[in-house]
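As structure tokens, the structure follows; a few thoughts come after it.
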Amino acid sequence: MNNTVKLPVTIMRGGTSKGVYILQKDLPENKAEWEPLLLRLMGSPDKKQIDGLGGSQSVTSKVAIVQRSERPDADVDYTFAQVSVDKPLVSYKGNCGNISSGVGPFAIEQGLVEAKEGVTTVRIYNTNTDKIIEADVHTEGGHVCYEGDFSIAGVPGTASPVKLKFMDPAGTLCRGLLPTGNAVDVLEVPGYGTVEVSIVDAANPLVFARAKDLGLTGKELPEELNADAEKLDLLEKVRGLAAVKLGLIEDYTRSAWETPGIPKMTFVAEAADYVTPDGKEMHREQVDLLSRMMSMQKAHPTYAMTGAMCTAAAAIVPGSIVRQVLSPDTDTQFIRIGHPAGILECGVDYTENGACPDVQDTFGFRTANLLLEGTAHIRL
Numbered sequence: 045m046n047n048t049v050k051l052p053v054t055i056m057r058g059g060t061s062k063g064v065y066i067l068q069k070d071l072p073e074n075k076a077e078w079e080p081l082l083l084r085l086m087g088s089p090d091k092k093q094i095d096g097l098g099g100s101q102s103v104t105s106k107v108a109i110v111q112r113s114e115r116p117d118a119d120v121d122y123t124f125a126q127v128s129v130d131k132p133l134v135s136y137k138g139n140c141g142n143i144s145s146g147v148g149p150f151a152i153e154q155g156l157v158e159a160k161e162g163v164t165t166v167r168i169y170n171t172n173t174d175k176i177i178e179a180d181v182h183t184e185g186g187h188v189c190y191e192g193d194f195s196i197a198g199v200p201g202t203a204s205p206v207k208l209k210f211m212d213p214a215g216t217l218c219r220g221l222l223p224t225g226n227a228v229d230v231l232e233v234p235g236y237g238t239v240e241v242s243i244v245d246a247a248n249p250l251v252f253a254r255a256k257d258l259g260l261t262g263k264e265l266p267e268e269l270n271a272d273a274e275k276l277d278l279l280e281k282v283r284g285l286a287a288v289k290l291g292l293i294e295d296y297t298r299s300a301w302e303t304p305g306i307p308k309m310t311f312v313a314e315a316a317d318y319v320t321p322d323g324k325e326m327h328r329e330q331v332d333l334l335s336r337m338m339s340m341q342k343a344h345p346t347y348a349m350t351g352a353m354c355t356a357a358a359a360i361v362p363g364s365i366v367r368q369v370l371s372p373d374t375d376t377q378f379i380r381i382g383h384p385a386g387i388l389e390c391g392v393d394y395t396e397n398g399a400c401p402d403v404q405d406t407f408g409f410r411t412a413n414l415l416l417e418g419t420a421h422i423r424l
């Protein structure tokens, strides 16, 4: 006889992602029981996720688990879970910055943080990365204000901005901003040759490569890239080899199973004109570089917020791949990333420290929207 679990859930759009937000008290105390529950909740493994709340893409198959924090420097604890769409796998490695932008509003909605008039700052401890994120949420009359005139590429319409500041973001793997100690490493890619990369760890670890070194332009659109099995295989090989270099896995061919979410594969190119999927023309003067990210072995439709934070940090590292594609006169403290859907602006506060700057924080702006509050019926 099937056991049906009734789970209180909130569905929110956070940035360019959408996820299910859950209070940790409503989950089993034994965290080993979370994975089968979350897989059934989202309808995985199934490419359509037809029997769950997932939306058939990695950016819509995410879960935020939140509770009141006992830390003196945080209001809430937040655990991010990436639920694979087509594999029986839930990954807790790394964080999602877009989903993070919904944590502040969710915490206020759930009464975990008291709303102030004007702006309420929610201090979020992300358990995945052992880092603090400060979210500035617009609030009026004791409630979250979702309405506003701020827009982000990849989301229709406008909303109230949520400022995210990732405090002391470097070293989520406890090995500093440059976990290999190098601004550039050389990977030997079987069947392809050598590829220069920069492995940078801020907010989440990313591995950056020049688009041209991979036979790409940096203008690729998600559908185009996802239809190219050969390029997807090459990108995952590079990511897997970087994961080996980071000590996350021993066999690069197992990367999609053993560490599917980090490091995040990213390729960059010099600023150039390109066209978004909806036909909008982007001009080189509007961006400082082109960048494309991968998410769970597929092309990210926009850009991960933690990816933007790490890209901003990589931009200030002398000699890094990101720094190499920037114009010499670029203000590296605040950069404009040209991603498939448009532009993401982000910044970094830092002090020079030779070959490896000291990063105080990285920051950017997202929006969030409350979509649904209800009860999920999960048959186990």
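Each residue of the sequence shown is one higher than the last, beginning at 45 in the numbering used here.
Beta carbons: idealized from backbone N, C-alpha and C, even for Gly.
What is the residue span of the alpha helix (DSSP H) that residue i lies within?
i, result
"residue 277", "273 to 289"
"residue 178", "No alpha helix (DSSP H) contains residue 178, which is instead part of the beta strand (DSSP E) from 175 to 184."
"residue 395", "Element bounds for residue 395: not the alpha helix (DSSP H) but the beta strand (DSSP E), 386 to 395."
"residue 146", "141 to 153"
"residue 313", "Unbroken run through residue 313 is the beta strand (DSSP E), 308 to 314; no alpha helix (DSSP H)."
"residue 443", "Residue 443 falls outside the range modelled here, since the chain spans only 45 to 424, and no answer is possible."
What is the DSSP secondary structure of residue i, reduced to helix, strand or coil?
i, result
"residue 217", "coil"
"residue 232", "strand"
"residue 45", "In this prediction, residue 45 has a pLDDT of 49, which is less than 50 and means its spatial position is unreliable; what the coordinates show is noted afterwards. In this structure, residue 45 counts as coil in the three-state DSSP scheme."
"residue 202", "coil"
"residue 69", "helix"
"residue 361", "coil"
"residue 270", "helix"
"residue 101", "coil"
"residue 21", "The requested residue 21 does not occur in the structure, where the chain is confined to residues 45 to 424."
"residue 126", "strand"
"residue 106", "strand"
"residue 352", "helix"
"residue 208", "strand"
"residue 62", "strand"
"residue 82", "helix"
"residue 325", "strand"
"residue 257", "helix"
"residue 158", "coil"
"residue 318", "strand"
"residue 243", "strand"
"residue 137", "coil"
"residue 131", "coil"
"residue 76", "helix"
Starting from the Cα of residue i, find the closest Cα among the options and give me that residue.
i, options, result
"residue 65", "54, 72, 87 and 75", "54"
"residue 333", "388, 83, 269 and 362", "388"
"residue 59", "75, 106 and 93", "106"
"residue 247", "117, 221 and 401", "221"
"residue 225", "420, 171, 414 and 401", "401"
"residue 328", "341, 337, 314 and 416", "314"
"residue 363", "227, 330 and 186", "227"
"residue 134", "75, 182 and 94", "75"
"residue 48", "117, 84, 266 and 162", "84"
"residue 341", "279, 325, 335 and 357", "279"
"residue 419", "57, 61, 62 and 71", "71"
"residue 302", "403, 116 and 288", "288"
"residue 295", "150, 234 and 120", "234"
"residue 162", "423, 183, 90 and 197", "183"
"residue 155", "196, 357, 88 and 113", "113"
"residue 344", "268, 423 and 394", "268"
"residue 124", "110, 379, 118 and 415", "110"
Beta strand (DSSP E) containing residue i: first to last residue?
i, result
"residue 164", "162 to 170"
"residue 338", "333 to 339"
"residue 366", "Element bounds for residue 366: not the beta strand (DSSP E) but the alpha helix (DSSP H), 365 to 369."
"residue 248", "248 to 254"
"residue 417", "402 to 423"
"residue 380", "378 to 383"
When the Cβ atoms of the stretch 123 to 139 are set against those of the stretch 86 to 103, are three or more pairs found closer than 8 Å? yes
If contact is defined by three or more beta carbon pairs under 8 Å, each pair taking one atom from either stretch, is the stretch 371 to 384 in contact with the stretch 170 to 180? no
Under 8 Å, with one C-beta from each stretch per pair, do the stretch 241 to 256 and the stretch 307 to 315 reach the 3-pair mark? yes
Taking 8 Å as the threshold, find out whether the stretch 311 to 321 comes into contact with the stretch 377 to 397 through three or more Cβ pairs. yes
Pairing CB atoms from the stretch 139 to 148 with CB atoms from the stretch 344 to 352, are three or more of them under 8 Å? yes
On the three-pair Cβ rule with 8 Å, is the stretch 284 to 295 touching the stretch 257 to 276? Between the stretch 284 to 295 and the stretch 257 to 276, the count of Cβ pairs shorter than 8 Å is below three; the stretches do not touch.
With a cut-off of 8 Å, do at least 3 Cβ pairs link the stretch 186 to 195 to the stretch 165 to 175? no
Is the number of C-beta pairs between the stretch 255 to 262 and the stretch 204 to 212 that are closer than 8 Å three or more? no
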